[in-house]
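Structure first, then comments.
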Ligand code: ADE
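Numbering (full-length UniProt numbering), first residue to last: 1 to 271.
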């Protein structure tokens with residue numbers, strides 16, 4: 001997968017040379033290039049922002065600089081009116097006012113050949129930039145990584161990139177480790193808790209069943225723990241489950257936790 005990132009702080013992305021992301025680059029699985037937006041400016045101050053039209057605090061990133069940069073990186077030979085080049089990357093802008101980036105998005109984007117991320121700073125970027133490229137036929141996405149505001153899109157891009165690239169075939173040493181994770185698949189649940197040896201540490205024992213060697217019992221224990229933790233921490237995920245996909249034991253566990261499971265989706269009885 002080819003990944004281009006545009007930022008006024010391209011140095012942020014030097015961390016991509018570390019750990020599994022660095023290994024994936026060394027293996028040729030990933031090719032990450034961070035570009036400095038200021039390279040597309042023409043004034044002596046290399047300015048990339050201006051005051052908001054209509055007033056207000058802060059500065060907004062200018063469309064002209066972004067469009068010169070994006071035309072080049074998207075492969076548009078003529079700036080205006082030309083159709084999106086075939087094989088153009090998916091263009092992704094982190095934005096705290098956009099829909100939430102989820103595991104589903106990460107999974108979908110892990111199959112892309114080429115992603116282009118544009119990092120906003122200050123009060124964000126001129127809203128016409130994503131609109132314009134969408135109108136040119138580019139697949140443009142805007143995502144928030146959570147309900148909080150960061151100083152810029154760089155950290156959000158790092159988060160999205162890690163979530164996306166680890167799902168690429170060949171990225172993980174052991175591909176099984178991504179199969180059972182939280183937020184994976186249709187019936188997404190938070191993951192059960194994990195333990196390692198010793199069996200007793202500082203007087204605290206791991207649950208007996210995990211030492212029993214009975215795989216059926218271990219699976220059921222973990223599934224029940226996942227259901228209980230999800231019901232407590234993320235009841236919205238339980239409410240989104242398809243009751244038809246729950247087995248008898250799942251239903252019994254959920255009922256004991258105060259959920260009704262006879263409709264299409266579980267419903268908390270206290271509600
Ligand atoms: N830029 C600033 N805050 C952000 C957030 N929460 N998600 C994505 N991009 C952002």
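Positions of the beta carbon are idealized from the N, C-alpha and C atoms, including for glycine.
Fair warning: this is a prediction, and the values are worked out from it, not measured in the lab.
### Which residues DSSP lists as bridging residue 14, in chain order
In the chain shown, the residue the question calls residue 14 occupies position 14. Answer is none; residue 14 lacks a bridge partner.
### Query
What residues in its chain sit with their C-beta under 8 angstroms from that of residue 120, if we drop five residues either side in the sequence?
For this step, residue 120 is matched to residue 120 along the chain shown. So the qualifying residues of the chain are 61, 93, 94, 95, 152, 153.
### Task
Specify the secondary structure class of residue 275 as computed by DSSP and reduced to three states.
Residue 275 falls outside the range modelled here, since the chain spans only 1 to 271, and no answer is possible.
### Query
If you draw a straight line from the alpha carbon of residue 69 to that of residue 181, how long is it in whole angstroms?
Here residue 69 corresponds to residue number 69 of the chain shown, with the count starting at 1. Here residue 181 corresponds to residue number 181 of the chain shown, with the count starting at 1. Residue 69 and residue 181: Cα-Cα distance of roughly 38 angstroms.
#### Entry: 7 angstroms Cβ shell around residue 49 - same chain, five flanking residues per side excluded
By one-based count along the chain shown, residue 49 stands at place 49. Short of 7 angstroms from the beta carbon of residue 49, and not among the five residues preceding or following it, lie these beta carbons of its own chain, in chain order: 59, 60, 61, 62, 122.
### Query
Is any heavy atom in ligand 1 found nearer than 7 angstroms to the beta carbon of residue 146?
As a first step, residue 146 is located in the chain shown; it is residue number 146 there, counting from the start. It does: the Cβ of residue 146 is within 7 angstroms (strictly closer) of some heavy atom of ligand 1.
### Cutoff 7 angstroms; reference residue 258; Cβ partners in own chain excluding five residues on either side
Within the chain shown, residue 258 is the residue found at index 258, counting from 1. Within the same chain, residue 258 has close Cβ partners 268, 269, 270.
### Query
Do residue 76 and residue 145 have their C-beta atoms within less than 8 angstroms of each other?
Along the chain shown, read from residue 1 onward, the residue named residue 76 stands at position 76. Along the chain shown, read from residue 1 onward, the residue named residue 145 stands at position 145. Their beta carbons are not under 8 angstroms apart, which means residue 76 does not touch residue 145 by this criterion.
### Message
Quick check on the DSSP output: the alpha helix (DSSP H) that includes residue 111 runs from which residue to which?
### Response
The residue you call residue 111 lines up with position 111 of the chain shown. Element bounds for residue 111: n/a, residue is neither H nor E.
### Task
Give the secondary structure of residue 91 by DSSP, where H, G and I count as helix, E and B as strand, and everything else as coil.
Position 91 of the chain shown, counting from 1, holds the residue named residue 91. Correct three-state label for residue 91: strand.
### residue 250 versus 56, 199, 187, residue with shortest Cα-Cα distance
Counted from its first residue, the chain shown places residue 250 at position 250. Of the candidates 56, 199, 187, the one whose C-alpha sits nearest the C-alpha of residue 250 is 187.
### Task
Sort out for me which residues DSSP pairs residue 219 with in a bridge.
Locating residue 219 in the chain shown gives position 219, where the first residue counts as 1. Per DSSP, none; premise fails for residue 219.
### Task
Measuring only between beta-carbons, confirm whether residue 69 sits less than 8 angstroms from chain D.
The structure shown has no chain D; it contains just one protein chain.
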